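Q:
Okay, structure coming up:
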């Protein structure tokens, strides 16, 4: 009796190993042709700029702030890392309604790079790209104000 039990156990073990190896070596999925990706990229990058360079005046560092302080970016931000305060645009009358951001702050430490602020901006004042470093030596370096964003 013992030799039959031993032979039966070995045969079933070999059959099981053969089945497992066959499934292991078999291709599970068929190849799909590469399709171009649609939609926006996964990592959008950092907030880049709030304005355009004034090339007519000749100074590369002079930036005209496009932000109208509508605060749509602040409302759209899920991590609440944007703070905007409105002020009158220089050279305009106080009651004319032409305003700009007198204070614009972004805390990149809290930003999740979702891009909703750039999508919400009606004047395209915020662009997302990879120009800013993804790390800083301290938390204060990740807190950018309007002047820091103009220099980028």
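In our numbering, the protein residues as written are 352 to 503.
Where is the CB? At the ideal position from N, CA and C, for every residue including glycine.
Just so you know, these numbers come straight off a predicted model, no measurement behind them.
(1) Quick one, are the C-beta atoms of residue 450 and residue 439 less than 8 angstroms apart?
(2) Determine the contact status of residue 499 and residue 423, defining contact as a CB-CB distance below 8 angstroms.
(3) Whole-angstrom Cβ separation of residue 437 and residue 426, contact assumed at under 8 angstroms?
(4) To the nearest angstrom, report how far apart residue 501 and residue 476 are at their CA atoms.
(5) Can the beta-carbon of residue 418 be found less than 8 angstroms from the beta-carbon of residue 469?
(6) Where does residue 365 fall in DSSP's three states?
(7) Between residue 487 and residue 493, how many whole angstroms is the CB-CB distance? I'm expecting something under 8 angstroms.
(8) Select from 443, 416, 463, 454 the residue whose C-alpha is nearest the C-alpha of residue 432.
(9) How would you label residue 416, buried or exposed, when you count the other beta carbons within 10 angstroms and need 16 or more for buried?
(10) Which residues does DSSP pair with residue 425 in a beta bridge?
(11) Strictly by DSSP, which residues pair up with residue 452?
(12) Determine the extent of the alpha helix (DSSP H) in which residue 471 is found, giving its start and end residues.
(13) Pull up the distance between the alpha-carbon of residue 428 and that of residue 495, whole angstroms please.
(14) For residue 456, I'd like the list of residues in its chain whose CB is within less than 6 angstroms of its CB, leaving aside the five on either flank, ordered along the chain.
(15) In the DSSP assignment, find the unbroken alpha helix (DSSP H) run with residue 500 in it and report its ends.
(16) Is it buried or exposed, residue 375, if we count other Cβ atoms within 10 angstroms and call 16 or more buried?
A: In short:
(1) Mapped onto the chain shown, residue 450 falls at position 99. Mapped onto the chain shown, residue 439 falls at position 88. The answer is yes: Cβ separation under 8 angstroms.
(2) One-based indexing of the chain shown puts residue 499 at position 148. One-based indexing of the chain shown puts residue 423 at position 72. Not a contact, by the Cβ cut-off of 8 angstroms.
(3) For this step, residue 437 is matched to residue 86 along the chain shown. For this step, residue 426 is matched to residue 75 along the chain shown. No, residue 437 and residue 426 are not in contact; Cβ-Cβ is about 14 angstroms, not under 8 angstroms.
(4) In the chain shown, counting from the first residue as 1, residue 501 sits at position 150. In the chain shown, counting from the first residue as 1, residue 476 sits at position 125. Between the alpha carbons of residue 501 and residue 476 lies a distance of about 11 angstroms.
(5) Mapped onto the chain shown, residue 418 falls at position 67. Mapped onto the chain shown, residue 469 falls at position 118. For the pair residue 418 and residue 469, the CB atoms are not nearer than the 8 angstroms cut-off.
(6) Against the chain shown, residue 365 aligns to sequence position 14. Three-state DSSP puts residue 365 in a helix.
(7) Sequence index remark: in the chain shown, residue 487 carries index 136 (1-based). Sequence index remark: in the chain shown, residue 493 carries index 142 (1-based). That belief holds up - the Cβ atoms of residue 487 and residue 493 are roughly 5 angstroms apart, short of 8 angstroms.
(8) For this step, residue 432 is matched to residue 81 along the chain shown. Answer by Cα proximity: 463.
(9) Mapped onto the chain shown, residue 416 falls at position 65. Of the residues assessed, residue 416 falls on the buried side of the cut-off, its CB having 16 or more other CB atoms within 10 angstroms.
(10) Residue 425 sits at position 74 when you count from the first residue of the chain shown. Paired residue(s): none; residue 425 is not in a bridge.
(11) For the purposes of this step, residue 452 is taken as residue 101 along the chain shown, with counting starting at 1. According to DSSP, which records beta bridges pairwise, residue 452 is partnered with 437.
(12) Along the chain shown, read from residue 1 onward, the residue named residue 471 stands at position 120. Element bounds for residue 471: 467–471.
(13) Along the chain shown, one-based indexing puts residue 428 at 77. Along the chain shown, one-based indexing puts residue 495 at 144. So the alpha carbons of these two residues sit roughly 16 angstroms apart.
(14) On the chain shown, position 105 is the one that residue 456 refers to. The beta carbon of residue 456 lies closer than 6 angstroms to those of 434, 496 in the same chain, with the five residues before and after it left out.
(15) Counting from 1 along the chain shown, the entry for residue 500 is found at position 149. Residue range 497–502 is occupied by the alpha helix (DSSP H) that includes residue 500.
(16) The residue you call residue 375 lines up with position 24 of the chain shown. Exposed, by the Cβ-count rule.
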